[in-house]
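**Student:** Input: one structure, supplied below.
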Amino acid sequence: MATPDAEKRAGLASIPSSPVQLSKEDEDAQVIPENNLPLVFTGLMLSTFLAALDMTIVSTALATIVADLGGGDSYSWVGSAYMIAAAALSPLYGKLSDIFGRKQIFFPCVFIFLLGSALCGAAQTMTWLIVARAVQGIGAGGVQQLVQIVIGDIVPLEKRGSFSSLAGATWGIASVVGPVVGGTLAGKGQWRWCFWLNLPTGAVASTILFFFLKLNPREGKKFRDVVREFDFIGLFLLVGGIVCLLLGFSQSQHGWDQPATIALLAVGGAMLVVGVAFEMLWIQSPRSPIIPPRLFRTRTTGFISLTTFLHAFVFFCGTFYFPLYLQVRGSSPLRAGVLTIPFAVLTSLTSALGGIVTTKIGDFRPPMWIGFSFMTLGYGLMITLDEKTPIARAVGYSSIVGFGAGWFFLPPLIGFQAAMPTREMATTSATFLLIKLLGSSIGISIGEAVWSSAARKQLAKISDLTLDLSGAALTNKIPVLKDIEPESLKAQVLHAYSKGISTVWIMSTPILGVCLLATLVLKNYSQKRKIILRGRETQTMPMERAPRPVSAALALESGMDSAVQVDKVNE
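Residues in the sequence shown are numbered from 44 upward in steps of one, following our numbering.
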């Protein structure tokens with residue numbers, strides 16, 4: 044621990060471990076508890092790895108699971124249930140952690156995730172598995188949110204990029220390991236271990252964090268005060284809107300003109316619009332909004348929100364539909380997973396570099412410029428992919444996309460947090476991850492509609508095609524395309540599929556170009572905060588309670604300099 048003299052020279056102050064009343068000039072200071080960061084980050088990254096792994100491990104095992112459990116008509120819900128559940132409650136976790144404390148929300152989320160994993164592994168029917176995946180998603184969404192929130196609590200903002208880069212690298216590793224492990228276990232008839240593997244790993248992560256994670260002591264609130272201040276109307280509008288919207292996009296596989304699809308999308312969109320407007324315009328004190336209104340009131344945070352959504356939209360189009368292209372070309376699901384390793388490795392590498400560079404230069408924008416430039420180039424090159432393109436060239440083009448994609452993972456979160464007062468850090472982080480989840484879910488659904496529509500138009504031009512490729516068969520029949528006879532007919536079918544998938548890259552490229560232009564108008568908020576260090580005695584606090592509200596946002600909203608220079612902008 045630093046000596047008092049050293050702390051004074053560094054501009055830091057050491058204070059007792061009990062809750063203190065900060066002076067007005069210190070209201071937006073960061074109070075950093077002392078932790079064994081290597082050990083604590085081991086627990087946090089293991090938790091992140093579990094949540095990320097379960098988004099990818101099922102993909103290559105799904106055919107085996109369907110063969111074992113049946114229910115092939117509803118197999119897509121194995122992935123959709125997880126994503127919808129993870130996104131639906133994501134607006135809630137940040138606010139609940141502010142009210143009840145980080146650990147009091149984090150550990151129940153881990154328990155729910157592990158319970159869902161155990162139920163998935165024990166599933167006897169497809170319905171059972173889908174419900175269990177939803178339980179998993181509820182827990183996984185909370186784990187993802189709380190990991191970022193805890194990192195914000197224990198690491199100063201100006202150093203947060205370097206530490207958060209570990210989370211980005213962990214996601215990348217999980218995206219590499221997941222399909223390979225899932226395919227290997229499925230090949231040996233042990234698909235249930237895709238889920239049971241979470242149990243021992245989750246137990247280790249939880250044990251580390253339970254005993255070694257130290258957080259600031261909190262001032263508690265009476266239950267009636269919590270109820271009076273909680274934004275139930277905003278929660279209903281946002282969660283209801285998210286669920287309806289994602290259900291609508293999931294239903295789109297049955298047709299965009301179906302009444303159920305139209306109704307869900309219309310109701311979901313309307314609830315989200317009203318919910319955001321309610322949060323921004325009509326909510327009055329003492330109600331505390333689920334989403335910080337300032338996020339949508341400034342140009343920089345507004346454009347960060349937009350580009351974060353669109354980045355997730357096109358990134359997941361790449362991760363989902365490039366392996367599909369490889370399977371159309373004749374690769375097995377496992378080999379397709381192996382061929383995406385360069386994409387995933389480069390994404391992990393640049394994700395780590397993006398956080399490190401942001402910390403080093405104190406500016407979150409340059410990594411975003413680099414990322415969108417390479418993604419635009421990569422997707423532009425992928426437009427040229429067809430049924431005759433050498434696989435090595437296709438992997439090379441996707442690697443350019445992966446190199447660009449990773450740069451964007453963490454810098455916008457740092458920009459979000461730098462632009463907001465410290466007291467709203469938890470809800471800011473939760474909103475950022477919600478935007479990413481919505482972008483990824485909607486991107487996959489829109490991508491499915493775009494490529495399947497284009498592929499069917501191309502297939503309709505083949506007069507002597509007798510293979511039924513309508514509806515879900517368009518995707519389900521991909522493994523048998525290589526067996527089509529004669530060769531001339533197979534060439535036409537593969538061309539139709541390749542042209543269909545290329546429309547996803549055609550859609551993504553201009554979106555990325557717009558994102559690049561949007562990032563050019565962003566302002567860089569200073570990452571400097573006054574830091575108050577807590578000593579070792581903080582570790583003896585028995586419980587963590589909700590933080591006391593801080594009102595430093597007034598300086599931010601007015602654009603005036605505060606005592607801690609939280610709103611200083613580098614033009």
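Here a beta-carbon is modelled for each residue, glycine too, at the ideal position from N, C-alpha and C.
#1: Using C-beta distances below 8 Å, list every residue in its chain close to Phe206, excluding the 5 sequence neighbours before and after it, in chain order.
#2: Return the residue from the list Thr351, Asp97, Leu157, Gly445 that minimises the CA-CA distance to Ile457.
#3: Just how far apart, CA to CA, sit Pro455 and Met411?
#4: Please classify Ala527: does DSSP put it in a helix, a strand, or coil?
#5: Three or more C-beta pairs under 8 Å: does that hold for the region 376–388 against the region 220–240?
#6: Roughly how many whole angstroms lie between the Cα atoms of Gly405 and Ala461?
#7: My output table needs one value for Ser623: the three-state DSSP class, helix, strand or coil.
#8: Just checking, does the region 297–310 make contact with the region 161–170 on the three C-beta pairs under 8 Å criterion?
#9: Which residues in the same chain as Arg378 place their Cβ atom closer than 8 Å to its Cβ, once the five residues preceding and following it in sequence are excluded?
#10: Rank Ser541, Leu508, Thr546 by C-alpha distance to the C-alpha of Pro529 and give the top, closest one.
#11: What residues in its chain sit with their C-beta under 6 Å from that of Lys533, if we drop five residues either side in the sequence?
#12: Where does Val74 fall in DSSP's three states?
#13: DSSP three-state call for Phe273: helix, strand or coil?
#14: Relative to the C-alpha of Val317, which candidate in Phe292, Ile276, Gln294 has its C-alpha closest?
#15: Assuming the contact rule is C-beta atoms closer than 8 Å, Leu338 and Thr344 should be a hit. Round their C-beta distance to whole Å, please.
#16: Thinking just about the alpha-carbon of each residue, which of Lys500, Gly180, Lys202 is nearest to the one in Phe695?
#17: Is any heavy atom of the ligand PLP found at a distance shorter than 7 Å from the C-beta of Pro454?
#18: Per the DSSP calculation, Ser293 is bridged to which residue(s)?
#19: With Lys257 and Thr402 assumed to form a contact (beta carbons below 8 Å), what rounded beta-carbon distance in angstroms separates them?
#20: Three or more C-beta pairs under 8 Å: does that hold for the region 435–442 against the region 304–314?
#21: Exposed or buried, Asp511, counting other C-beta atoms within 10 Å across all chains shown (16 or more means buried)?
#22: So, at 8 Å on beta carbons, what are the nonlocal neighbours of Val186 in its own chain, with the 5 sequence-adjacent residues on each side left out?
#23: Nearest CA to the CA of Ile251: which residue from Ile544, Phe273, Asn78, Ala469?
#24: If Cys558 and Phe415 are in contact, beta carbons under 8 Å, what's the gap, nearest whole angstrom?
#25: In angstroms with no decimal places, state the Cα-to-Cα distance between Val286 and Phe273.
#26: In whole angstroms, give me the CA-to-CA distance for Trp450 and Leu139.
#27: Under 8 Å between the Cβ atoms of Leu255 and Leu82?
#28: Output the distance between the C-alpha atoms of Ile505 and Trp171, rounded to the nearest integer angstrom.
#29: Identify, in the order they occur along the chain, each residue of the same chain with its Cβ nearer than 7 Å to the Cβ of Met314, setting aside the five sequence neighbours on each side.
#30: Run through DSSP, which three-state label would Ser102 get?
#31: So, is Leu324 buried or exposed, given that buried needs 16 or more other C-beta atoms within 10 angstroms?
#32: Would DSSP call Ser488 helix, strand or coil?
#33: On the three-state DSSP scale, how would you describe Ser650?
#34: Cutting at 7 Å between CB atoms, please list the residues of its own chain near Ser442, excluding the five before and the five after it.
#35: Could you tell me whether the Cβ atoms of Thr474 and Pro335 are closer together than 8 Å?
#36: For Leu524 and Asp97, what's the separation of their Cα atoms in angstroms?
**Tutor:** Looking at the atomic coordinates:
#1: To locate residue 206, count along the sequence shown from 1; it is residue 163. Excluding residues within five positions, the ones whose Cβ falls inside 8 Å are Leu80, Phe84, Ile194, Val198, Gly398.
#2: Stepping through the sequence shown from its first residue, residue 457 is reached at position 414. If we check each option's Cα against that of Ile457, Thr351 comes out closest.
#3: Position 412 of the sequence shown holds residue 455. Position 368 of the sequence shown holds residue 411. For the pair Pro455 and Met411, the Cα-to-Cα distance works out to about 8 Å.
#4: By one-based count along the sequence shown, residue 527 stands at place 484. One detail in the question is off: residue 527 reads as Ile in this sequence, not Ala. Coil, per DSSP.
#5: Yes: the two stretches touch, three or more of their Cβ pairs being nearer than 8 Å.
#6: On the sequence shown, residue 405 is found 362 positions in, with the first residue counted as 1. On the sequence shown, residue 461 is found 418 positions in, with the first residue counted as 1. Computed Cα separation, rounded: 10 Å.
#7: Any property of residue 623 remains undetermined from this structure, which presents the chain solely from 44 to 614.
#8: Per the Cβ contact rule, the region 297–310 is not in contact with the region 161–170 (fewer than 3 Cβ pairs under 8 Å).
#9: The residue given as residue 378 occupies position 335 in the sequence shown. So the list reads Leu369, once near-sequence residues are dropped.
#10: Within the sequence shown, the letter at position 486 stands for residue 529. Measuring from the Cα of Pro529, the nearest candidate turns out to be Leu508.
#11: Your numbering for residue 533 matches position 490 in the sequence shown. So the qualifying residues of the chain are Ile527.
#12: As a first step, residue 74 must be located in the sequence shown, where it is residue number 31. Of the three classes helix, strand and coil, the one that applies to Val74 here is strand, per DSSP.
#13: Here residue 273 is taken as the residue at index 230 of the sequence shown, counted from 1. Reduced to three states, the DSSP call for Phe273 is strand.
#14: Locating residue 317 in the sequence shown gives position 274, where the first residue counts as 1. Closest option to Val317, Cα to Cα, is Ile276.
#15: Here residue 338 refers to the residue found at position 295 of the sequence shown. Here residue 344 refers to the residue found at position 301 of the sequence shown. The Cβ separation is near 5 Å, so the contact holds.
#16: In the structure displayed, the chain extends from 44 to 614; residue 695 sits before or after that span and is not available.
#17: In the structure shown, the ligand PLP is absent, as is every other ligand, since no ligand is present at all.
#18: For this step, residue 293 is matched to residue 250 along the sequence shown. Ser293 pairs with nothing; no bridge assigned.
#19: Residue numbering aside, residue 257 sits at position 214 when the sequence shown is read from its first letter. Residue numbering aside, residue 402 sits at position 359 when the sequence shown is read from its first letter. At roughly 23 Å, the Cβ-Cβ gap does not stay under 8 Å, so Lys257 and Thr402 are not in contact.
#20: Cβ pair count under 8 Å is below three, so no.
#21: Working through the sequence shown from its first residue, we reach residue 511 at position 468. It counts as exposed.
#22: Numbered from its first residue, the sequence shown carries residue 186 at position 143. Ser90, Thr91, Leu93, Ala94, Phe149, Cys152, Val153, Phe156.
#23: The residue given as residue 251 occupies position 208 in the sequence shown. Residue Asn78 is the option with its Cα nearest to Ile251.
#24: Within the sequence shown, the letter at position 515 stands for residue 558. Within the sequence shown, the letter at position 372 stands for residue 415. The beta-carbon distance between Cys558 and Phe415, rounded to whole angstroms, is 5 Å. This is short enough to meet the 8 Å contact definition.
#25: In the sequence shown, residue 286 corresponds to position 243, counting from 1. In the sequence shown, residue 273 corresponds to position 230, counting from 1. About 21 Å.
#26: Within the sequence shown, residue 450 is the residue found at index 407, counting from 1. Within the sequence shown, residue 139 is the residue found at index 96, counting from 1. Between Trp450 and Leu139, the C-alpha separation is close to 30 Å.
#27: Residue numbering aside, residue 255 sits at position 212 when the sequence shown is read from its first letter. Residue numbering aside, residue 82 sits at position 39 when the sequence shown is read from its first letter. In the sequence as presented, Leu is not what sits at residue 255; that position holds Phe. Yes, Cβ-Cβ distance for Phe255 and Leu82 is below 8 Å.
#28: Within the sequence shown, the letter at position 462 stands for residue 505. Within the sequence shown, the letter at position 128 stands for residue 171. Rounded to whole angstroms, the gap between the alpha carbons of Ile505 and Trp171 is 41 Å.
#29: In the sequence shown, counting from the first residue as 1, residue 314 sits at position 271. Closer than 7 Å at Cβ, skipping near neighbours: Leu280, Gly283, Gly284, Cys287.
#30: Residue 102 sits at position 59 when you count from the first residue of the sequence shown. Ser102: coil per DSSP, three-state reduction.
#31: Residue numbering aside, residue 324 sits at position 281 when the sequence shown is read from its first letter. Taking all protein chains in view, the Cβ of Leu324 is surrounded by fewer than 16 other Cβ atoms within 10 Å, so the residue is classified as exposed.
#32: Mapped onto the sequence shown, residue 488 falls at position 445. Per DSSP, reduced to three states, the secondary structure at Ser488 is helical.
#33: Past the boundaries of the shown model lies residue 650; the chain is included only from 44 to 614, so the question cannot be answered.
#34: Stepping through the sequence shown from its first residue, residue 442 is reached at position 399. Pro385, Phe386, Leu389, listed in sequence order.
#35: Numbered from its first residue, the sequence shown carries residue 474 at position 431. Numbered from its first residue, the sequence shown carries residue 335 at position 292. Taking 8 Å as the Cβ cut-off, Thr474 and Pro335 qualify as a contacting pair.
#36: Here the question's residue 524 lines up with position 481 in the sequence shown. Here the question's residue 97 lines up with position 54 in the sequence shown. Taking C-alpha positions only, Leu524 is separated from Asp97 by approximately 29 Å.
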